[in-house]
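All remarks here apply to the structure that follows.
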Amino acid sequence: MTATIILASASPRRQELLRQIRVRYKVAVASIDETPLPDEDPVTYAERLAHAKALAVWERTHPSLPVLGADTVVAIDDRILGKPKTKAQALEMLRCLSGRSHDVFTAVCLLHGGRPLRALSRSQVRFRPLTDEEILAYWETGEPRDKAGAYAIQGLGAIFVQRLEGSFSGVMGLPLYETAELLRQTGIEVL
């Protein structure tokens, strides 16, 4: 099967979601600095990184195929909750999310001929109150270690989600509706 796009991500979740909608892709990992800029808000941060990932791959390879970059940001009170670097960070993030609603922004950038097409998915997720024992037990599963906000909605973290308004696939890492719309604009039909 010949690829129709290049995915600028090593994320197994994004790959799974593209397979789900039958988009053929090849992976070219973008190596960029993901440090938020001073006073950068979550939406600007997500959009900047999605574009930077796609652009890094496009500049390196100058492909004939469109390049898809995406970035997911978990935010509460305009505070960006990245991937935890330590157990203490993960536990603090999960305590912060406990019993509250937070936003998940996933920006998508599709570079086609060097021209960016962009979309943004915003979802609101409400966690039920969590006990310290649950938070610690969840950390011990290993699941929070490489996830923005220290949880995976498609995994065990789903038991914490009381309500979701928005895109499940967007919270997972790639909003499929928005992605399909961008692909359609470049002549790639999903169905």
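The letter at position 143 of the sequence shown is residue 1093 when you use the working numbering, and the numbering goes up by one with no holes.
Even glycine gets a Cβ: it sits at the ideal position worked out from N, Cα and C.
These numbers were taken from a predicted model, which means no experiment stands behind them.
| Asked | Found |
| --- | --- |
| Stretch-stretch touch, CB-based, cutoff 8 Å, three pairs: the region 1043-1055 with the region 980-998 | yes |
| Contact under 8 Å by Cβ, Gly-1019 with Ala-1069 | no |
| The region 1116-1123 / the region 958-968 touching (three or more Cβ pairs under 8 Å) | yes |
| Per-residue DSSP class, three states only, for Ala-958 | coil |
| Exposure label - Ile-1103; buried when at least 16 CB within 10 Å | buried |
| Contact the region 1105-1114 vs the region 1061-1079: 3+ CB pairs below 8 Å | yes |
| One or two residues paired with Cys-1059 in a DSSP bridge | Gly-1019 and Arg-1068 |
| Member of Leu-1086, Lys-1003, Thr-1091 and Leu-1044 whose CA lies at the smallest distance from the CA of Asp-983 | Lys-1003 |
| Chain C contact for Val-1023 (CB, 8 Å cutoff) | Annotation note: the requested chain C is absent from the structure, which comprises a single protein chain. |
| Residues bridged to Glu-1115 [DSSP beta-bridge criterion] | Gln-1074 |
| Ser-1051 - partner residues in DSSP beta bridges | Arg-1076 |
| Test item: CB-CB of Val-1023 and Pro-1066 under 8 Å | no |
| Cβ neighbours of Gly-1105 in the same chain (closer than 7 Å, five flanking residues each side left out) | Glu-1093 |
| Tyr-1101, buried or exposed, once every other Cβ within 10 Å from all chains shown has been counted against 16 | buried |
| Beta-carbon proximity of Ala-978 to Ile-956, cut-off 8 Å | yes |
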